[in-house]
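Just so you know, the protein sequences line up as chains P and B, in that order. Residue numbers for the first sequence, in this note's numbering: 3 to 424. Residue numbers for the second sequence, in this note's numbering: 5 to 331.
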Amino acid sequence: MALLTRKGLVLPSRIEPAVSQPVVILPADTLRVYLPLSYTGSRARCLLSTNEVVYPGKQIAESADDGQPVMRAHVFGVFAGLRDASHPLYGQLECAAIDCMPSPVSESPAAKNFDKLRPADVLEAAEAAGIIDELDGHYLYRKLEEYRENYCDLVIADGAENQGYASSAWAVMNESVEQIWMGVQLAALALRATAGQINVRLKRNRRRPLARRINNEKAIFQVRRRYPAVKLEKNPWGRRICRIGVQACLALYRAAVYGEMHGSCVVTVSGDAVKSPRNIRAPFGTTAEKLLEICGLKADPVRLLSGDVMTGRAAESDRMLILPGVTCLLALTEEAVPAHGVCCGCGRCVGVCHAGLLPFEIVRRVENMQYEQLASLRPDTCDGCGCCSHVCPAGRELSDQVSSARDTNSRIYSSWEEEDEI
Amino acid sequence: MRFKRGKPPYLRKRDKAVYMRLDVLIALAPLVAFSCIYYGMRPLYVMLHGIISAMLFDGIGNLFLRRPPGWADGTAAVTGGIIAAVMSPAAPYWMPIAAAAFAIFAIKIPFGGAGRNIFNPAAGGLAFITLCFDGRMFTYPAPNTPIGDITQIVTGESLGSLLRSGAATSFKPADLLIGDFPGPIGTVAIAILLACAVYLLFRRSISVFTLLPFLAVCTGYAVLFPRVGTGWENSVMLELCSGYLLFAGIFIVTDPVTSPKFWLGRIFYGAAGGILVMLMRTAGRFEEGCCFAILILNTFAPAFDRLSWKAIYRTRTYWQRLKGVRK
Ligand code: SF4
Ligand code: SF4
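Next up, the structure:
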């Protein structure tokens, strides 16, 4: 029975050596950062004029559509112009370039009393700080509001990175697991739910000290070793779960108690082209170039990924920006994708699919243009984990095709090219 | 600096499809070697004729399809190897060549070549030879006599024909294990066949979900409907060791391209294969009709896959809803 139920993969762990090094903090002081005018692709007008001074919390753009969150700066600096940038996660972005300066304010703001915070305060703080959840790239306050309306019983901070390279969640937890745990409690307060646990995938010697620091053995929860860690809407006891990234939890705590903007994130810079892999706390809007400079390159990278090896997206150039949602930056030398062949029928894609699909069959339907039969094969339940492509000995692009079948919702494709014969 | 794009995941397993075919060829090698001990070098030559001609025909067929010749993918070599392994050690050299030609040109290439064929090419080639040249196909030389001139061989009665005639058989289990009885090149040494099966299972080139139900159903059939009157143990032993049933179970029924990919589909497929093969044996015209049974079975492979998958998927979804895990 174990053979039938153990879906997914065991990926080789490459979190060393980044995981055992302290986090490098990249101060914004002398950098030029690029702040997007909008993350959602809606049109926005820049409110800054050249050489205008920018400070944390200042509104930098005005959205043309109603109901869009206000974009605020998180650094001190001078506005230096607009620039277009393409980002592997967000697509085309229009950004304001800002030359940063050291902060003139030296003392940190007074802390609010944690125990006196009300749910509304938490939501307000999340909106004002512009926190974006790194798990899914949604605004945290919207996510919380949605869960609050639809009722939820359990809040979980998700720091279970099990794709091989990324260790940024561990680095953040190592820095400040107490504050993350309080962030989970704040989110739970806002949702009127229980603060559940922090999901990790760590060895016992790394897990234990964390649990001791927050005085709660049960709060640090070890997820399964196999990739992907299955993400359920509800837990087996029928409790609805809200899942938030650990970095967002930390930002929520800092925002609610200290009123800080969500201005930086920890990024794992690794990959076989990187000389000394490190975790770096970088302000949003920094270019990947800067991070690679800190870690050094030992070979010319062929690919730059934003995200971990299994689900990461390839960036076009190293001028890619570090924005919320980027928790891992990989510079890889090797050509990972093997030659494409025809299916040899081994059935390994079926064996690893944790959604229980038949990836080869879905792809065959797509290739044979039998779109009407796609819906019954349920490509909509695929989460794009990439296990099927990983194991396919014929090197087929299964997960990509299944995802496209899912995204087109089984409607007939309208991708005829000019030279296609009909 | 500019970088290449591509499609995720960027970490791929370094497994290649050609390794699976290589495994099958490796598993065939000891079988031929063992046959050479009994009959001299002729089995090896039959095997080489099968493999080389199949690869040649595959190259020519790929030219018709306007593709580069696919020698390197190993499918043709496996087809030729399997065909030759089921030939009699005393088969003339043109027989594996004719079977390979039919397998490649009539079964494999018309459906689009390697990986797209609906029917197992080796089974098709064998069916062709069985239909056209059943006399030569089922003429087996007695073991321990190196074959020189094939017109002057000492023939022995194979297990299959003995079973058909219902005659009493006097083979000891030890003889069967080491293959000391008349039969095809690669299918008589039962002990080595089992070792090959373990090797292929261990390498994950064949699936246990197809093989075990197939053998279990064949065994069950032999117990329920024995063709010899000397007890069910004897019936099972003789049925499994005669003809190329065990060989077909390991090398042909489990062929990944033409069999289902979903575990439950594989179980049903193997079980259905067992029933069909035994029916072909008892009711068919030839002493061994595995190849026909497998061709019939191949047509249903996608249906086995889809139906069993739907059954499992619906049950699972139902359970998850019941437990509230899924909306
Ligand atoms: S990418 Fe989709 S189809 Fe492929 S293994 Fe993951 S869930 Fe299954
Ligand atoms: S893993 Fe690749 S070769 Fe194997 S069945 Fe799936 S698509 Fe075919």
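Beta carbons are placed, not taken as given, at the ideal position from N, Cα and C, and that holds for glycine.
* Asked: Taking Cβ positions only, does residue 412 of chain P come closer than 7 Å to chain B?
  -> Taking the first residue of the first sequence as position 1, residue 412 of chain P is located at position 410. Because the pLDDT at residue 412 of chain P is just 49, under 50, the model does not fix this residue reliably, and the point stays unresolved.
task = Answer with yes or no whether the minimum CB distance from residue 97 of chain P to chain B is below 7 Å.
result = As a working mapping, residue 97 of chain P is identified with position 95 in the first sequence. By this cut-off, residue 97 of chain P is not an interface position.
Could you check the C-alpha separation between residue 315 of chain B and residue 362 of chain P for me, to the nearest Å? Against the second sequence, residue 315 of chain B aligns to sequence position 311. Against the first sequence, residue 362 of chain P aligns to sequence position 360. C-alpha separation (whole angstroms): 18 Å.
- Query: In terms of residues, what are the limits of the beta strand (DSSP E) holding residue 64 of chain B?
  - Reply: Start at 1 with the first residue of the second sequence, and residue 64 of chain B comes out as number 60. Premise fails: residue 64 of chain B lies in the alpha helix (DSSP H), 46 to 68, not in any beta strand (DSSP E).
Sorry if obvious, but does the Cβ on residue 208 of chain P come closer than 6 Å to a heavy atom of ligand 2?
If you number the first sequence from 1, residue 208 of chain P lands on position 206. Checking the Cβ of residue 208 of chain P against ligand 2 gives no.
>> Nearer than 6 Å: is that true of the beta carbon of residue 385 of chain P relative to any heavy atom of ligand 1?
In response: Here the question's residue 385 of chain P lines up with position 383 in the first sequence. Answer for residue 385 of chain P: yes, Cβ within range of ligand 1.
**Prompt:** What is the residue span of the alpha helix (DSSP H) that residue 300 of chain B lies within?
**Reply:** Start at 1 with the first residue of the second sequence, and residue 300 of chain B comes out as number 296. That run of the alpha helix (DSSP H) goes 294 to 327.
**Request:** Would you check if the stretch 238 to 245 of chain B and the stretch 291 to 298 of chain B touch, i.e. whether three or more CB-CB distances between them fall below 8 Å?
**Result:** no
Am I right that residue 157 of chain P and residue 198 of chain P are in contact with their C-beta atoms under 8 Å? What's the rounded C-beta distance?
Your numbering for residue 157 of chain P matches position 155 in the first sequence. Your numbering for residue 198 of chain P matches position 196 in the first sequence. With a Cβ gap of about 6 Å, residue 157 of chain P and residue 198 of chain P count as contacting.
| message | Does any residue of chain B have a CB that is nearer than 7 Å to the CB of residue 274 of chain P? | response | Counting from one through the first sequence, the residue named residue 274 of chain P turns up at place 272. Closer than 7 Å: no.
_List, from N- to C-terminal side, the alpha helix (DSSP H) runs of 4 residues or more that fit wholly inside the stretch 381 to 411 of chain P._
389 to 393, 400 to 409
Which residue or residues does DSSP assign as beta-bridge partners of residue 200 of chain P?
The residue you call residue 200 of chain P lines up with position 198 of the first sequence. Residue 200 of chain P is bridged to P/159, P/222.
Exercise for the section: Using the DSSP secondary-structure output, state which residues sit across from residue 101 of chain P in a beta bridge. Expected result: Along the first sequence, one-based indexing puts residue 101 of chain P at 99. According to DSSP, which records beta bridges pairwise, residue 101 of chain P is partnered with P/34, P/80.
Exercise for review: Using a Cβ-Cβ cut-off of less than 9 Å, list which residues of the stretch 44 to 60 of chain B approach chain P; keep chain order.
Suggested key: none
### Task
Could you tell me the boundaries of the beta strand (DSSP E) in which residue 281 of chain P lies?
The sequence position of residue 281 of chain P within the first sequence is 279, counting from 1. Run containing residue 281 of chain P: 280 to 285, per the beta strand (DSSP E) assignment.
_For a test of your reading of the model: does the CB of residue 359 of chain P fall under 6 Å from any non-hydrogen atom of ligand 1? Yes or no._
Residue mapping note: residue 359 of chain P aligns to position 357 of the first sequence, counting from 1. At least one heavy atom of ligand 1 is nearer than 6 Å to the Cβ of residue 359 of chain P, so yes.
Between B/35, B/46, B/60, which lies nearest to residue 86 of chain B when the distance is taken from Cα to Cα? To locate residue 86 of chain B, count along the second sequence from 1; it is residue 82. It is B/35.
Exercise. Step through the CB atoms of chain B and report whether any lies within less than 7 Å of the CB of residue 313 of chain P.
Key: For the purposes of this step, residue 313 of chain P is taken as the residue at position 311 of the first sequence. Chain B contact via Cβ: present.
Span separating the alpha-carbon of residue 267 of chain P from that of residue 76 of chain P: Position 265 of the first sequence, counted from the start, is the residue given in the question as residue 267 of chain P. Position 74 of the first sequence, counted from the start, is the residue given in the question as residue 76 of chain P. Going by the C-alpha atoms only, they are around 12 Å apart.
For the putative contact between residue 207 of chain B and residue 27 of chain B, defined by C-beta atoms under 8 Å, what is the C-beta separation to the nearest angstrom?
For the purposes of this step, residue 207 of chain B is taken as the residue at position 203 of the second sequence. For the purposes of this step, residue 27 of chain B is taken as the residue at position 23 of the second sequence. Yes, residue 207 of chain B and residue 27 of chain B are in contact; Cβ-Cβ is about 5 Å, under 8 Å.
Whole-angstrom distance between residue 371 of chain P and residue 417 of chain P, CA atom to CA atom: Within the first sequence, residue 417 of chain P is the residue found at index 415, counting from 1. Within the first sequence, residue 371 of chain P is the residue found at index 369, counting from 1. In this prediction, residue 417 of chain P has a pLDDT of 48, which is less than 50 and means its spatial position is unreliable; nothing more can be read from the coordinates.
inquiry  = Let me see if you follow: with CB-CB separation under 7 Å, is residue 323 of chain B close to chain P or not?
reply    = By 1-based counting over the second sequence, the position of residue 323 of chain B is 319. Output row for residue 323 of chain B: interface = no.
(request) Closer than 7 Å is what we want: which residues have a beta carbon that near any heavy atom of ligand 2? List them in chain order. (result) P/345, P/346, P/347, P/348, P/349, P/350, P/351, P/352, P/361, P/362, P/365, P/390, P/393, P/394, P/395, P/396, P/398, P/400, B/21, B/265
Item checked: residue 304 of chain P: contacting residues in chain B (beta-carbon distance under 7 Å) -> Residue numbering aside, residue 304 of chain P sits at position 302 when the first sequence is read from its first letter. Under the 7 Å cutoff, chain B gives 7, 8.
Three or more C-beta pairs closer than 8 Å, one from the stretch 349 to 369 of chain P and one from the stretch 263 to 270 of chain B: is that the case here?
yes
Would the C-beta of residue 404 of chain P count as close to ligand 1, meaning under 6 Å from any of its heavy atoms? Numbered from its first residue, the first sequence carries residue 404 of chain P at position 402. For ligand 1, at least one heavy atom lies less than 6 Å from the Cβ of residue 404 of chain P.
| Mind checking residue 342 of chain P: buried by the 16 CB within 10 Å criterion, or exposed? | Residue mapping note: residue 342 of chain P aligns to position 340 of the first sequence, counting from 1. Exposed: under 16 other Cβ atoms inside 10 Å.
message: Helix, strand or coil for residue 153 of chain P? Go by DSSP, reduced to three states.
response: Locating residue 153 of chain P in the first sequence gives position 151, where the first residue counts as 1. Residue 153 of chain P falls in the coil class under three-state DSSP.
>> Between residue 102 of chain P and ligand 1, is there a pair consisting of the residue's CB and a ligand heavy atom that are separated by less than 6 Å?
In response: Sequence index remark: in the first sequence, residue 102 of chain P carries index 100 (1-based). The answer is no for residue 102 of chain P.
**OP:** May I ask which residues mark the beginning and end of the alpha helix (DSSP H) holding residue 210 of chain P?
**Re:** Residue 210 of chain P sits at position 208 when you count from the first residue of the first sequence. From DSSP, the alpha helix (DSSP H) with residue 210 of chain P extends over 206 to 215.
Closer than 6 Å: residue 216 of chain B CB and nearest ligand 4 heavy atom: Only ligand 1 and ligand 2 can be found as ligands here, which leaves ligand 4 out of the picture.
ask   = From the DSSP output, which residues share a beta bridge with residue 375 of chain P?
value = Counting from 1 along the first sequence, the entry for residue 375 of chain P is found at position 373. Answer by DSSP bridge pairing: none, since residue 375 of chain P is not bridged.
Exercise. Could you pull out every residue in the same chain whose Cβ sits closer than 7 Å to the Cβ of residue 259 of chain P, ignoring the five residues on either side in sequence?
Key: For this step, residue 259 of chain P is matched to residue 257 along the first sequence. Only 113, 114, 116 meet the Cβ criterion.
Spatial neighbours of residue 261 of chain P in its chain, beta-carbon cut-off 6 Å, leaving aside the 5 residues before and after = Numbered from its first residue, the first sequence carries residue 261 of chain P at position 259. Within the same chain, residue 261 of chain P has close Cβ partners 111.
Tell me whether residue 360 of chain P sits in a helix, a strand or coil according to DSSP, three-state version.
In the first sequence, residue 360 of chain P corresponds to position 358, counting from 1. Of the three classes helix, strand and coil, the one that applies to residue 360 of chain P here is coil, per DSSP.
How about residue 251 of chain P: is its Cβ closer than 6 Å to a heavy atom in ligand 1? As a position in the first sequence, residue 251 of chain P is number 249, starting the count at 1. Checking every heavy atom of ligand 1 against the Cβ of residue 251 of chain P, none is found closer than 6 Å.
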